[in-house]
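Trainee:
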Amino acid sequence: MTIRSDDLRLDWLGYATARIEGPDGTVLYTDPGRYGVLDGTWAEQYPDDAARDDHPRGPDYDARDGDVVLVTHDHHYDPDGVRRVASEDATVVVYEGVSADGVAQNSGREVVEPDALDFDVRRVSYGDRVALGTGEGAVSVDVVPAYNEPDGDRAGPDGTVPHPRELGCGYVATVGGRRCFWTGDSDAVPEHADLDVDVFLPTIEGTYTMDRHEAADLAEALDPELVLPIHYNTFEALRGDGVAFAGDVASRGIPVALDPGWPEQR
53 MTIRSDDLRL
63 DWLGYATARI
73 EGPDGTVLYT
83 DPGRYGVLDG
93 TWAEQYPDDA
103 ARDDHPRGPD
113 YDARDGDVVL
123 VTHDHHYDPD
133 GVRRVASEDA
143 TVVVYEGVSA
153 DGVAQNSGRE
163 VVEPDALDFD
173 VRRVSYGDRV
183 ALGTGEGAVS
193 VDVVPAYNEP
203 DGDRAGPDGT
213 VPHPRELGCG
223 YVATVGGRRC
233 FWTGDSDAVP
243 EHADLDVDVF
253 LPTIEGTYTM
263 DRHEAADLAE
273 ALDPELVLPI
283 HYNTFEALRG
293 DGVAFAGDVA
303 SRGIPVALDP
313 GWPEQR
């Protein structure tokens, strides 16, 4: 199901993958792939989760229409996913900490280095801004911190966390003049509170990232024109109650949408 916000079109394709299309047809993707969400096998890999029908499912997705692709950290880096969404002349924006070694250490997956992908790869760090294109199709990408706080709910007794500071990032991407904030895998951290945001795409699962209550509080602080949660319900450890989250956000007077569907194959 495509969510419309003024002249933006937004689709959640599963896991951390969102597709954002501007009014001129410029297309941006966040963290494409993993767990079978783009190759049509998610429901087979996670039949118990698929039975709940609260997560996008779809066929083999190979649109290759993305002008800009964002990768936040090792856990979300999937070369096959990037290739499925990126157009021939796409720019792939990759956080500086993402590496093949890091992916192997974190998940045991063997992947090519992001810089070996056959695209224009731009490495970024906190505070960077990448400006791409000109005119109506221009896209800018601001890089913001994403991490779990060592004294927060995701921390162990010794302060270790799944996503320490500088493991990954979030992005505020301006598409069609609208500022879209994808948090990446993060708590709601102080650096997020004063961002200028039109569309807010939070994770709400609570095991490895902010939960729905923290995300709703952040939505209230940001006061965006639309909130669209992603990165939840892919498998049991990422369970999140989207309906309860939407009700909480709506009760604060903030427009919110859920997208458990799958867009028409492009």
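Our numbering numbers the first residue of the sequence shown as 53 and each following residue consecutively. C-beta: ideal position from N, C-alpha, C; glycine also.
1) Could you give the distance in angstroms between the alpha-carbon of Thr-286 and the alpha-carbon of Tyr-87?
2) When you compare each of Tyr-98, Pro-84, Tyr-260, Ser-303 to Val-120 by their alpha carbons, which one comes out closest?
3) Is the separation between the beta-carbon of Ala-198 and that of Ser-238 shorter than 9 Å?
4) Helix, strand or coil for Gly-390, going by three-state DSSP, please let me know.
5) One question on the structure: do Pro-111 and Leu-65 come within less than 9 Å of each other, judged by their Cβ atoms?
6) So what's Ala-138 in DSSP terms, helix, strand or just coil?
7) What distance in whole Å lies between the Cβ atoms of Tyr-129 and Val-163, which are believed to be in contact at a cut-off of 8 Å?
8) When DSSP labels each residue in this structure, what does Glu-257 get in the three-state scheme?
9) Considering only C-alpha positions, which residue in the set Arg-181, Ala-273, Val-145, Asp-170 is nearest to Val-251?
10) Just to confirm the assignment, what range does the alpha helix (DSSP H) spanning Arg-297 have?
11) Tell whether a beta-carbon distance below 9 Å holds between Gly-222 and Val-196.
12) Can you say whether Gly-340 is buried or exposed, counting buried as having 16 or more other CB atoms within 10 angstroms of its CB?
13) Following the continuous beta strand (DSSP E) through Leu-65, name the residue where it begins and the one where it ends.
14) Cα-Cα, which of Ala-245, Val-191, Asp-59, Gly-258 is closest to Thr-226?
15) If you compare alpha carbons, which of Arg-136, Asp-58, Val-279 is closest to Ala-115?
16) Mind reading off the beta-carbon distance from Val-69 to Leu-90? Whole number of angstroms is fine, and I expect it under 8 Å.
17) Say whether the region 265-285 touches the region 152-162, bearing in mind that this needs 3 or more beta-carbon pairs closer than 8 Å, one atom from each stretch.
18) Output needed for Tyr-81: all residues of its chain with C-beta closer than 6 Å, excluding positions within five of it in sequence on either side, in chain order.
19) Expressed to the nearest angstrom, what Euclidean distance is found between the alpha-carbon atoms of Glu-243 and Asp-167?
20) For Pro-197, list the residues DSSP reports as bridge partners.
21) Taking C-beta to C-beta, are Arg-206 and Thr-261 nearer than 9 Å?
22) Kindly indicate which three-state DSSP category Arg-174 falls into: helix, strand or coil?
Mentor: Short version:
1) Cα-Cα distance, rounded: 8 Å.
2) For the residues Tyr-98, Pro-84, Tyr-260, Ser-303, the minimum Cα distance to Val-120 belongs to Pro-84.
3) Taking 9 Å as the Cβ cut-off, Ala-198 and Ser-238 qualify as a contacting pair.
4) Missing from the structure shown is residue 390; the chain here goes from 53 to 318 and no further.
5) No.
6) Three-state DSSP puts Ala-138 in a strand.
7) About 7 Å; that satisfies the 8 Å criterion.
8) Looking at Glu-257 - three-state DSSP - the assignment turns out to be strand.
9) In terms of CA proximity to Val-251, Ala-273 leads the group Arg-181, Ala-273, Val-145, Asp-170.
10) The sequence given here places Phe at residue 297; Arg does not occur at that position. 294-303 is the extent of the alpha helix (DSSP H) around Phe-297.
11) With contacts defined by Cβ atoms closer than 9 Å, Gly-222 and Val-196 form a contacting pair.
12) Nothing in the structure corresponds to residue 340, since the chain is present only between 53 and 318.
13) Looking at the DSSP string, the run of the beta strand (DSSP E) that includes Leu-65 is 60-66.
14) Thr-226 has its Cα closest to that of Val-191, out of Ala-245, Val-191, Asp-59, Gly-258.
15) With distances taken between Cα atoms, Ala-115 lies closest to Arg-136.
16) First, the residue type needs correcting, since residue 69 is Thr and not Val in the sequence shown. Sure, about 7 Å apart at Cβ, within 8 Å.
17) Cβ pair count under 8 Å is below three, so no.
18) Excluding positions up to five away in sequence, the list reads Arg-71, Gly-118, Val-121, Val-137.
19) In a straight line, the C-alpha of Glu-243 is about 28 Å away from that of Asp-167.
20) Residue pairing by DSSP places Pro-197 opposite Cys-221 in a beta bridge.
21) Against a cut-off of 9 Å, the Cβ pair of Thr-261 and Arg-206 comes out as a contact.
22) If DSSP states are grouped into helix, strand and coil, Arg-174 belongs with the strands.
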